[in-house]
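>
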Amino acid sequence: MKKAINHRIMRSNNKRQILEFIRKNGPSTKRGIAQKLGISITTVATFINELLNEDRITAFGNAASSGGRKSELYRLNPDSLYVIGVDLQVDRIIMLLINLQGEVLGVEEEKFNRSDEWEIASLLRQTITKICDSNKIPLAKISGIGIGVPGIVNHQTGIIEFAPNLGWKNVDLPMILPVDLPVIVENEAKAAAVGEATFGSAQGYANVIYVSLGLGIGTGLILNNNLFYGHNFLAGEFGHMAIVPNGLPCRCGKKGCWEVYASNNAALKLYQDYSGIELSSYDELLKALFKEDPIAIKVFAEIVNYLGLGIANLINGLNPEMIVIGGKITEADSLIHYQLLKVIKEKCFEYSYRGVSLQFSGLRNRATALGVGSLMIDSLLYN
Ligand SMILES: [Zn+2]
């Protein structure tokens with residue numbers, strides 16, 4: 000029986016730091032790496048040898064001499080490792096083929112309308128074959144698969160304990176996926192937080208909150224460079240933070256939860272309340288906003304107000320450096336960014352507001368797949 004791999008971010012790990020340095024800065028010398036990272040040259044030399052033996056880096060000639068000894072340059076071998084990153088949403092799969100450099104070599108998107116876990120596993124398998132074939136990379140060259148899911152994942156076992164929007168309870172996707180490769184599963188917002196911190200707007204930040212807006216609201220927390228899980232892997236369930244005492248009922252059984260007031264579903268419901276018109280999708284609501292439909296404008300003003308209130312609470316409690324907002328709402332960035340910042344500033348403790356940045360996801364719908372792909376790379380390289 001296959002077992003899901005336990006994984007974690009290990010940004011403080013020297014070997015990872017060295018590999019990341021080479022990935023970001025291109026050809027580098029041992030001395031240059033040691034100086035920039037503040038690590039002893041002996042330690043750098045040890046890990047450079049390990050990375051050479053693993054074929055992750057290659058020698059790349061000599062750096063220009065400045066009178067002293069010539070020093071050898073090392074660069075990444077991006078094609079020494081391929082992984083597949085998957086964002087399993089409620090109605091589609093977004094699959095990326097990623098190399099060690101974090102470059103996306105191929106993309107596949109498959110829609111589905113039934114969410115039986117065996118059928119999804121089979122669809123995932125077909126899509127893996129498709130992405131390998133269309134990029135002419137044999138499956139044998141893929142080292143692992145990371146899957147982001149909209150639900151609660153047991154970080155130790157990889158079991159999806161509860162994914163209400165897929166109708167799943169205790170699903171062991173790595174076990175039923177018919178492919179003989181290491182598989183990791185992660186909550187979609189946690190994965191997206193890693194994606195943003197590794198490849199997106201939050202690169203270089205140690206304390207990041209990713210706010211994922213969809214049917215509900217989920218968040219991924221990176222605290223001191225580590226993905227934060229909490230006691231039962233439930234950290235980040237701010238969608239159920241009470242924001243209106245005795246407010247509207249939530250699907251969780253409680254009342255007044257943040258997601259009932261600020262999620263995409265909340266926006267659609269508001270539009271219906273104000274206009275009597277039931278829009279078929281959130282895309283339609285965005286279209287109405289872009290056409291300056293007065294009801295859509297009113298709906299977004301209200302949503303942004305609650306979104307800002309919730310984010311201000313997160314900033315007050317967690318003191319992050321960067322907030323990244325993801326989901327389809329990113330398309331309306333230019334129309335709501337200023338208003339959102341204004342609300343956050345109004346509601347936030349002044350000292351906490353200073354020094355926090357807010358961005359809408361630049362990775363858009365690739366953040367989750369890139370993030371969980373990056374976790375897979377981490378677990379293959381450093382565990
Ligand atoms: Zn709730």
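Numbering-wise, numbering that gives the first Met the number 0 puts 157 at position 158 of the sequence shown, and it's gapless, one number per residue. Each residue gets a CB set at the ideal place from its N, CA and C atoms; glycine is no exception.
Considering only heavy atoms of ligand 1, list every residue whose Cβ is less than 7 Å from one of them, following chain order.
After applying the 7 Å Cβ criterion, the set is 238, 239, 249, 250, 251, 253, 256, 258, 259.
> Three or more C-beta pairs under 8 Å: does that hold for the region 108-121 against the region 139-146?
Touching, no, given that fewer than three Cβ pairs across the two stretches are closer than 8 Å.
> Using 8 Å as the threshold, is the C-beta distance between residue 84 and residue 192 below it?
Taking 8 Å as the Cβ cut-off, residue 84 and residue 192 do not qualify as a contacting pair.
> For residue 375, is the classification buried or exposed, using 16 other Cβ atoms within 10 angstroms of its Cβ as the cut-off for buried?
Burial call: buried.
> Would you mind sorting residue 154 into buried or exposed? The rule is 16 or more other CB atoms within 10 Å of its CB.
Buried.
> Which residues in the same chain have their Cβ closer than 6 Å to the Cβ of residue 305, if we skip the five residues on either side of it in sequence?
Only 260, 261 meet the Cβ criterion.
> So, helix, strand or coil for residue 271, using DSSP?
Helix.
> Is residue 167 helix, strand or coil by DSSP?
In this structure, residue 167 counts as strand in the three-state DSSP scheme.
> Report the partner residues of residue 82 according to the DSSP bridge assignment.
The partner list for residue 82 (beta bridge, DSSP) reads 97, 143.
> Measuring straight from C-alpha to C-alpha, what distance separates residue 99 and residue 276?
Rounded to whole angstroms, residue 99 to residue 276 spans 48 Å at the Cα level.
> Give the straight-line distance between the Cα atoms of residue 151 and residue 342, rounded to the nearest whole angstrom.
In a straight line, the C-alpha of residue 151 is about 30 Å away from that of residue 342.
> Measure the alpha-carbon distance for residue 338 versus residue 291 and round it to whole angstroms.
Distance between the alpha carbons of residue 338 and residue 291: 16 Å.
> Taking the alpha-carbon positions, what's the residue 57 to residue 160 distance?
Going by the C-alpha atoms only, they are around 42 Å apart.
> Can you look up residue 33 in the DSSP assignment and give me helix, strand or coil?
Helix.
> Along the beta strand (DSSP E) that carries residue 105, what are the first and last residues, could you check?
Segment 103-110, the beta strand (DSSP E) holding residue 105.
> Which residue wins for smallest C-alpha separation from residue 178, given the options 95, 126, 219?
The shortest C-alpha separation from residue 178 is found at 126.
> How many angstroms separate the CA atom of residue 143 from the CA atom of residue 201?
Their backbone Cα atoms lie some 25 Å apart in a straight line.
> Is the CB-CB distance between residue 366 and residue 195 below 8 Å?
Taking 8 Å as the Cβ cut-off, residue 366 and residue 195 qualify as a contacting pair.
> Looking at the unbroken beta strand (DSSP E) that takes in residue 73, where does it start and where does it end?
From DSSP, the beta strand (DSSP E) with residue 73 extends over 71-75.
> Thinking just about the alpha-carbon of each residue, which of 238, 211, 368, 220 is nearest to the one in residue 325?
Nearest option by C-alpha distance: 211.
> Do we get a CB-CB distance below 8 Å when we pair residue 359 with the residues of chain B?
Of the chains in the structure shown, none is chain B; there is only one protein chain.
> Does residue 10 come out as helix, strand or coil in the three-state DSSP assignment?
Any answer about residue 10 is weak, because its pLDDT of 40 lies below 50 and its placement is not dependable; what the coordinates show is given next. Coil at residue 10, not helix or strand.
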